[in-house]
Amino acid sequence: MRIHFKTSYENDIRLFPDRWSFFVYAALVAGAIILPWLLDDFFLGEVTNVLIWAIAGLGLMLLTGQTGQASLGHAAFLALGCYSCIILMEHGVPFLLAFPLAGVITGIFGTLFAIPAVRLHGIYLAIATMALSILADDIIVMLAPWTDGVSGKFAPTITIFGLEIERWTTPDRFYWLVLVVTILCTLAYRNLLRAPLGRAFAAVRDSEVSATAMGVHIAFTKAAAFGLSCAITGLAGALMGFYAGAFNNETFSVVISISLLMMIVIGGLGSIHGAFFGAIIIAFLPQALSMASDTIGGLLGANNVAIPGLETGVFGAILILFIMFEPMGIYGRWLKIRTWFELFPFARKDMFKRQKSYLKTERLR
Amino acid sequence: MSLLEIKNATLKFGGVVAVNDLSFSVEEGEVYAIVGPNGAGKSTVFNLISRFYDPYSGSISFDGANLLDRHADAVADLGIARTFQNIELFDHATVLQNLLVGRHRHRKSNMIQELLFTPRVRREEHVHREAVERVIDFLDLQPYRNKMIAGLPYGVRKVVELGRALASDPRLLLLDEPASGLSVEETQDMRWWIDDIRKQMGITVLMVEHDMGLVSGVSDRVLALADGAKLAEGTPAEVQADPAVIAAYLGTGAV
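Protein sequence lines correspond, in order, to chains E and G.
At position 341 of the first sequence the residue is numbered 341 (full-length UniProt numbering), and the sequence of numbers has no breaks.
At position 51 of the second sequence the residue is numbered 51 (full-length UniProt numbering), and the sequence of numbers has no breaks.
Spelled out as structure tokens, the structure:
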């Protein structure tokens, strides 16, 4: 068991609580950097996909896990980020400018969307954002002069200082690009969590009444959460476009929104780790399922039999099982396992049992 | 001039008159208690001061400024902090984080600076942390610093909520039933803390409380409410001896 002997406030403020965890994360980043030399192109592509989903997950985590505002509309913001980045590049804006601009544009739209959305709570907000997700499809078709509607668009090759980055011809460079964006987004998220705004997000999530009494402006804080969340999601959307290579109005469907929300619930709401764990499940499960059904189909002598709805069914089952048995998600389970080893043999079975929360002042709202 | 001045405040919920033409003022540096039977409108008065409710008529001013010009989230900026009857903490955050939210009115950095965690944000964090640590020392919350609220017993939560209010360096502290649900020892602690808050920190305290032992122990003046209207006002002894107060609490008629 490691004991943190804190000698200054800086121990709690800095990114890594101790040297050990710094080394763990440094090793993780180093391992991620050398990954292209260890994996073949197919698996590298899959890992890239995981990272892109993780960025999108961080975006939604900020809004849903951190600020408590459920959103089923994030596919629309993925689409917005994707289209704005690629349309900008088609007009000759270099990637290094178009990419952050795509984030900014999506963030601004997210903030605008927050103006009606801050008045909605819980399930109503989820319905409103879901409508946005469904509308996005039609809007993309209606804006065909810019978006090429149903026929779709092809992602151009990224050029950074003369260095060409393309998902199929240079998967390693594309992977590193995604890795850099992932690390920057994670750092920004982490910074937010240790700063007043991040705490205000949590305050809004847990009790709007007392957040107000402490001087937190609810509408502004929610709008900031929407803006930041959508900006990160927009970046992920742009990367998704480059990853897919081609996309049209149906690429960013409401199913993507639902997968995103499922992903952060399975991963563990309210934690950075949760976004990554969830992304691993969401991105690898379809592959694992198709491999498994191939193997089983091969054993039964029936080749290439696709079972309709298998993927959705398994996702649904996993989600239900998590909500029933591990509401804290994979990250929650991870914490329990780690604590068990750290305290061995003194861990108790009910250490993570929570007392039920006391009556809340609901009548003020 | 009084620190807090409420004049002829009336609040109606439909046909129910929750606060009826109520006037009182709280002087700087005193402990002022509001007592009254259930449903007398005590918490409603707090919610008026916090600007959760708009009064139907009347005025509320704090240190000469009109409180009614401000939104609920701007009340804290004036230096008014409060606790809630049913504990409104941020359950899925640690005690430390809860207390740091109390510092929100002293936030000086903007979003971009916080995303980059600039040296300025870092310096501010140290200042906030130091202020919060003073509160932790004052309220003996050291063992709970990094504990999640969701796992804490009721009595500790009550103290954390007081701490969160104190962390904002208020001029006026509104305590909504600080001793409700506390044991005898905890109530005794609360009494000393309220005394110290007034004497050492110079913070004016306005509290709603049912425990008459606590009220008469710490408060300078007491206001008795019934059905949203003023019944009696004065020192604890005067109010307790007031026939109208006795009637409101115990009823009248032949025994």
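Every residue, glycine too, gets a C-beta built ideally from N, C-alpha and C.
In this text, all values refer to a predicted model and were calculated from it rather than measured experimentally.
Backbone secondary structure at residue i - three-state DSSP
i: residue 30 of chain G; result: coil
i: residue 241 of chain E; result: helix
i: residue 194 of chain G; result: helix
i: residue 213 of chain E; result: helix
i: residue 205 of chain G; result: strand
i: residue 8 of chain E; result: coil
i: residue 110 of chain G; result: coil
i: residue 176 of chain G; result: strand
i: residue 35 of chain G; result: strand
i: residue 221 of chain G; result: strand
i: residue 169 of chain E; result: coil
i: residue 89 of chain G; result: coil
i: residue 357 of chain E; result: At residue 357 of chain E, the pLDDT of 46 sits below 50, so the modelled position is not reliable and the matter cannot be decided from this model.
i: residue 105 of chain E; result: helix
i: residue 161 of chain G; result: helix
i: residue 82 of chain G; result: strand
i: residue 362 of chain E; result: With a pLDDT of only 48 at residue 362 of chain E, under the threshold of 50, the placement of this residue in the model should not be trusted; the figure read from the coordinates follows. Looking at residue 362 of chain E - three-state DSSP - the assignment turns out to be helix.
i: residue 222 of chain E; result: helix
Interface flag, residue i vs chain E, CB-CB below 7 Å
i: residue 50 of chain G; result: yes
i: residue 132 of chain G; result: no
i: residue 129 of chain G; result: yes
i: residue 76 of chain G; result: yes
i: residue 97 of chain G; result: yes
i: residue 73 of chain G; result: yes
i: residue 115 of chain G; result: yes
i: residue 93 of chain G; result: yes
i: residue 111 of chain G; result: yes
i: residue 88 of chain G; result: yes
i: residue 245 of chain G; result: no
Reference residue i, options the options, closest by Cα
i: residue 95 of chain G; options: G/158, G/45, G/173, G/54; result: G/158
i: residue 6 of chain G; options: G/17, G/19, G/24, G/20; result: G/24
i: residue 43 of chain G; options: G/83, G/141, G/231; result: G/83
i: residue 438 of chain E; options: E/231, E/72, E/206; result: Residue 438 of chain E is absent from the structure shown; chain E starts at 1 and stops at 365.
i: residue 193 of chain E; options: G/166, G/97, G/48; result: G/97
i: residue 39 of chain G; options: G/54, G/49, G/20, G/135; result: G/20
i: residue 30 of chain E; options: E/141, E/176, E/203; result: E/176
i: residue 259 of chain G; options: G/186, G/174, G/127, G/134; result: Residue 259 of chain G is absent from the model: chain G starts at 1 and stops at 255.
i: residue 208 of chain E; options: G/123, G/9, G/88; result: G/88
i: residue 54 of chain G; options: G/30, G/68, G/193; result: G/68
i: residue 84 of chain E; options: E/39, E/112, E/146; result: E/146
i: residue 56 of chain E; options: E/39, E/250, E/282, E/318; result: E/282
i: residue 137 of chain E; options: E/12, E/165, E/80; result: E/80
i: residue 366 of chain E; options: E/163, E/210, E/206, E/4; result: Only positions 1 to 365 of chain E appear in the structure, and residue 366 of chain E is not among them; the question remains open.
i: residue 203 of chain G; options: G/162, G/10, G/61, G/58; result: G/162
i: residue 195 of chain E; options: G/132, G/66, G/200, G/111; result: G/111
i: residue 197 of chain G; options: G/134, G/226, G/222; result: G/134
i: residue 211 of chain E; options: G/101, G/237, G/136; result: G/101
i: residue 238 of chain G; options: G/216, G/252, G/226; result: G/216
i: residue 218 of chain G; options: G/224, G/171, G/231, G/235; result: G/235
i: residue 269 of chain E; options: E/344, E/331, E/339, E/129; result: E/331
Nonlocal neighbours in the same chain, by C-beta distance under 7 Å from residue i, ignoring five residues either side
i: residue 201 of chain E; result: 66, 67, 221, 225
i: residue 249 of chain G; result: 37
i: residue 15 of chain E; result: 190
i: residue 179 of chain G; result: 187, 190, 209, 211, 214
i: residue 181 of chain E; result: 55, 235, 239
i: residue 141 of chain G; result: 95, 159, 160, 163
Identity of the residues DSSP links to residue i by a beta bridge
i: residue 24 of chain G; result: G/6
i: residue 250 of chain E; result: In DSSP, residue 250 of chain E forms no bridge with anything.
i: residue 60 of chain G; result: G/6
i: residue 181 of chain G; result: None, per the DSSP bridge assignment.
i: residue 14 of chain E; result: DSSP output for residue 14 of chain E lists no bridge partner at all.
i: residue 159 of chain E; result: E/164
i: residue 270 of chain E; result: Paired residue(s): none; residue 270 of chain E is not in a bridge.
i: residue 17 of chain G; result: G/12
i: residue 232 of chain G; result: G/224
i: residue 324 of chain E; result: Residue 324 of chain E is not bridged to any residue.
C-beta neighbour in chain G for residue i, strict 7 Å
i: residue 11 of chain E; result: no
i: residue 195 of chain E; result: yes
i: residue 76 of chain E; result: no
i: residue 61 of chain E; result: no
i: residue 348 of chain E; result: no
Same chain only: Cβ atoms within 8 Å of residue i, ignoring 5 sequence neighbours per side
i: residue 125 of chain E; result: 69, 70, 71, 117
i: residue 50 of chain G; result: 72, 75, 80, 82, 174
i: residue 44 of chain E; result: 35, 36, 171, 172, 175
beta-carbon residue i near the ligand ZN non-hydrogen atom, thresh 6 Å
i: residue 147 of chain G; result: Because no ligand of any kind appears in the structure shown, any question about the ligand ZN cannot be addressed here.
Same chain, Cβ closer than 6 Å to residue i, neighbours up to 5 away in sequence not counted
i: residue 17 of chain G; result: 228
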